[in-house]
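Numbering (my numbering), first residue to last: 3 to 956. Backbone N, C-alpha and C fix where the C-beta goes; we use that ideal spot for every residue, glycine too. Some notes on the structure that comes next.
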């Protein structure tokens with residue numbers, strides 16, 4: 003490529019022999035006079051969806067691509083669409099003349115606002131060629147003066163394109179160059195998605211060479227030394243690579259030694275590194291820029307002054323060449339010195355680099371004159387894990403899938419590494435305090451989750467803290483004095499985390515310790531209402547994408563905010579269940595044969611039929627002790643678990659809940675389940691009986707009232723009609739119908755009464771578990787565990803086990819605590835075997851004849867796969883008499899039955915499947931220790947789906 007004057011190449015431009023290199027995600031601005039071939043070039047090298055043409059946008063707004071009066075509106079449309087594409091990370095090409103600097107400036111600003119690089123491709127063809135092409139196009143009826151004016155503007159612009167802000171400039175000066183041009187897509191330097199690890203991400207070293215060597219050795223690396231005995235590299239036998247989060251320099255005793263080792267590892271492909279703010283400042287100081295010598299820079303300059311010129315030059319090149327952040331493992335891991343919010347992952351701009359180096363600040367300064375950092379991690383909602391440093395903390399803490407690894411080694415703390423993907427932490431202690439911090443770590447104002455970090459080695463001890471008498475936080479240390487919040491902040495935290503009206507005021511109110519902890523960000527998470535409002539799509543592993551409508555989300559918010567438990571306990575809400583296809587047998591709406599056939603048609607034949615207990619569905623979360631409950635679920639009020647309904651409401655008051663949990667916990671001990679699973683907590687799906695224990699008001703207002711009224715009125719009507727018939731009045735048909743209604747009323751009353759009995763405390767209560775959904779381990783020191791979002795050992799879901807295993811667990815619990823826990827009868831059925839299916843039908847008939855509600859038909863296998871993917875979790879088959887409670891006393895009358903046979907089940911089946919997928923997803927996220935907001939997203943979605951317009955009787 004030649005310049006417009008035929009002299010030296012333009013700065014930033016490529017030679018013509020080379021392909022035109024552009025980043026995979028960028029804004030490409032085509033520049034050329036009308037007739038230069040921009041649209042043809044765009045069609046040749048880019049997909050149609052990538053190209054935004056100003057002519058096409060004029061057509062959209064004015065029905066005429068040549069209507070110049072529509073240009074302002076057309077470019078409004080173009081900029082809007084381009085902005086949406088860039089926000090989504092898609093390559094975007096702008097096809098317009100763009101010969102004027104002002105028009106290019108708006109596009110450069112658009113690229114910067116979305117943190118992508120602007121690239122320009124100039125088609126600088128001779129004026130005569132453009133005029134000849136325009137002459138053949140009847141829609142270009144303008145004189146040659148227009149082309150000459152545009153050509154002049156283009157000439158004036160060419161040499162300044164790089165200065166305008168274009169990061170890559172390509173100029174094609176002839177038809178031949180345009181015809182032979184090729185495009186080559188390049189990854190940004192930050193894009194290392196092709197490297198999957200495994201990695202050891204190492205926190206801020208700050209010149210602590212001895213500790214770095216010790217940590218690498220502990221991680222399994224073999225150090226290499228030069229002839230002078232200095233460490234110059236380290237390799238791992240399993241191919242692991244280190245990733246340094248920056249701030250290798252300053253403050254510590256041996257900055258050159260740290261750099262020599264890190265640079266050697268990076269050069270040998272044994273490590274990666276991102277810059278820290280200290281490297282950035284060191285480079286400027288070494289180049290003679292005016293900088294303030296502070297924060298340990300003087301030590302680095304003194305130490306490097308004793309090294310050779312060649313080594314200092316190598317340090318300059320190394321530190322200056324580091325890119326703002328690195329994205330690894332297909333986007334699953336992001337490493338940046340001060341962290342990075344999701345919108346900046348894989349992007350390139352000045353503000354991305356600034357955030358990666360310095361983080362975000364509130365604009366305020368603390369008592370030490372240092373900036374107060376904004377708690378970006380508390381608001382993080384990205385899928386990628388973000389590992390960072392910059393802000394010293396006493397212990398690494400997971401917050402919304404982010405972790406700060408700067409544990410203040412240079413201040414006498416520890417040097418810490420994160421093993422990825424294992425999520426394991428490895429650290430070594432500092433040999434001594436090398437540098438005294440300006441402010442105590444506990445009150446440094448830069449904590450990862452809030453404006454104040456947790457108590458550190460130089461902060462107040464627990465005994466000095468005014469909150470030390472409260473139960474310990476999941477970080478193991480009480481908040482420092484500086485973490486107390488203003489009175490204005492307390493109500494919002496209280497409103498978000500309290501348990502609502504079904505508990506007494508004293509039970510609803512969190513302790514001062516909890517409120518302070520939440521507001522200060524010391525291990526407890528505050529949910530953001532924007533995470534659940536509006537139309538949302540929830541991605542599930544087993545059921546794909548599940549949509550939640552805005553109006554349903556609002557209904558769920560009402561329930562969740564007024565009645566639900568503390569959301570940290572709500573790790574799972576069980577799904578609704580659909581009945582089988584409507585039976586065609588006389589007198590029946592539901593029959594097992596239809597359930598068997600539905601599963602068989604879906605390719606699932608190995609089934610388990612379970613007795614359906616007539617009670618209320620419940621989920622029980624039980625912890626081994628208060629310490630586990632506090633550490634894992636943030637329960638600092640002494641509770642040891644929760645028992646809640648399908649809508650997340652507490653099943654009992656606190657005293658009865660704790661009494662039930664104590665007996666369930668004892669049964670797990672006696673049956674050996676705690677020891678067998680090594681669990682510290684467990685989640686059960688169960689039924690609690692009697693029905694009247696939870697539905698007393700419903701029974702009294704709806705069922706008992708209807709039954710009493712019918713039994714009072716209908717016998718009188720029968721007597722009156724009988725007397726009338728005796729007098730010869732023709733009321734025979736009416737009398738028969740009334741007698742039938744009276745009999746139906748008696749059957750209706752008997753149907754609901756068999757599910758009601760008196761209870762006193764837990765006396766009379768029965769707990770029927772049918773699935774052990776998940777278990778999770780307890781740490782060696784549960785009192786110092788991290789709580790939600792912390793580095794908690796992964797739990798285990800058991801939903802993939804077959805249902806005989808689950809019922810075997812229930813049998814063991816029932817044997818250990820027979821006065822409370824009841825087992826569930828079951829029979830295995832092969833839907834493809836007529837004899838086995840007939841035996842299943844007979845079993846159901848015996849159950850319902852004895853007054854049972856019916857049964858649930860499930861695939862024997864957990865997470866059974868049908869022909870179209872995951873099979874339904876279960877189908878309920880209810881008995882004829884039980885359905886009187888649902889459809890009313892007279893539903894068995896032929897006319898009523900015929901009408902009910904047309905009930906639509908499609909929506910109910912869809913609802914059951916979507917709730918099943920969401921429930922599984924919530925459980926798996928909780929067991930994996932994902933952030934609270936991720937678990938609550940699924941739980942909230944289940945509750946939202948419950949407000950869909952589906953017949954509640956199904």
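Residue i versus residue j: straight-line alpha-carbon distance, rounded
i, j, result
"residue 139", "residue 26", "34 Å"
"residue 483", "residue 372", "For residue 483, the predicted structure reports a pLDDT of 28, less than 50, and the residue's modelled location is therefore unreliable. The matter cannot be settled from this model."
"residue 54", "residue 41", "10 Å"
"residue 424", "residue 673", "32 Å"
"residue 550", "residue 914", "14 Å"
"residue 304", "residue 327", "28 Å"
"residue 1041", "residue 278", "What is shown of the chain runs 3 to 956, which leaves residue 1041 out entirely."
"residue 832", "residue 735", "47 Å"
"residue 428", "residue 807", "37 Å"
"residue 662", "residue 352", "58 Å"
"residue 291", "residue 320", "18 Å"
"residue 72", "residue 32", "20 Å"
Cβ neighbours of residue i in the same chain (closer than 7 Å, five flanking residues each side left out)
i, result
"residue 508", "Summary for residue 508: the model assigns pLDDT 36, below 50, so the residue's position carries little reliability, and this model does not support an answer."
"residue 83", "54"
"residue 89", "116"
"residue 648", "575, 576, 619"
"residue 103", "159, 166"
"residue 270", "235"
Close Cβ partners of residue i (< 6 Å) along its chain, the five nearest in sequence each way excluded
i, result
"residue 511", "Below a pLDDT of 50, predicted positions are generally treated as unreliable, and residue 511, at 36, falls in that range; the measurement from the model is reported next regardless. Answer for residue 511: no residue qualifies."
"residue 317", "261"
"residue 596", "582, 583, 585"
"residue 28", "118, 119, 121"
Beta-carbon proximity check, residue i vs residue j, cutoff 8 Å
i, j, result
"residue 983", "residue 207", "Missing from the structure shown is residue 983; the chain here goes from 3 to 956 and no further."
"residue 958", "residue 38", "Since the first residue shown for the chain is 3 and the last is 956, residue 958 is missing from the structure and cannot be characterised."
"residue 35", "residue 59", "no"
"residue 812", "residue 689", "no"
"residue 682", "residue 625", "yes"
"residue 2", "residue 324", "The chain is shown from 3 up to 956; residue 2 falls before or after that span and cannot be answered."
"residue 533", "residue 935", "yes"
"residue 332", "residue 383", "no"
"residue 598", "residue 842", "yes"
"residue 630", "residue 780", "yes"
"residue 375", "residue 391", "no"
"residue 910", "residue 952", "yes"
"residue 230", "residue 215", "no"
"residue 281", "residue 236", "no"
"residue 925", "residue 544", "no"
"residue 1", "residue 242", "In the structure as shown, the chain starts at 3 and stops at 956, and residue 1 therefore has no counterpart that could be examined."
"residue 315", "residue 338", "no"
"residue 44", "residue 95", "yes"
"residue 880", "residue 612", "no"
"residue 610", "residue 814", "no"
"residue 562", "residue 945", "yes"
Residues sharing a beta bridge with residue i, DSSP
i, result
"residue 798", "777"
"residue 119", "28"
"residue 243", "201"
"residue 295", "Bridge partners of residue 295: none, in fact."
"residue 406", "390"
"residue 227", "233"
"residue 912", "None, per the DSSP bridge assignment."
"residue 688", "620, 771"
"residue 964", "Examination of residue 964 is not possible in this model, given that the chain is present from 3 through 956 alone."
Beta-carbon contacts of residue i that lie in its chain and below 8 Å, excluding the five residues immediately before and after
i, result
"residue 589", "882, 894, 899"
Pairing CB atoms from the stretch 346 to 358 with CB atoms from the stretch 188 to 198, are three or more of them under 8 Å?
yes
If contact is defined by three or more beta carbon pairs under 8 Å, each pair taking one atom from either stretch, is the stretch 703 to 713 in contact with the stretch 740 to 749?
yes
How do the stretch 415 to 429 and the stretch 388 to 407 stand: do at least 3 beta-carbon pairs fall below 8 Å, yes or no?
yes
Check whether the stretch 632 to 642 and the stretch 558 to 571 are in contact - that is, three or more C-beta pairs closer than 8 Å.
yes
Examine the Cβ distances between the stretch 865 to 873 and the stretch 601 to 619 and report whether three or more of them are shorter than 8 Å.
yes
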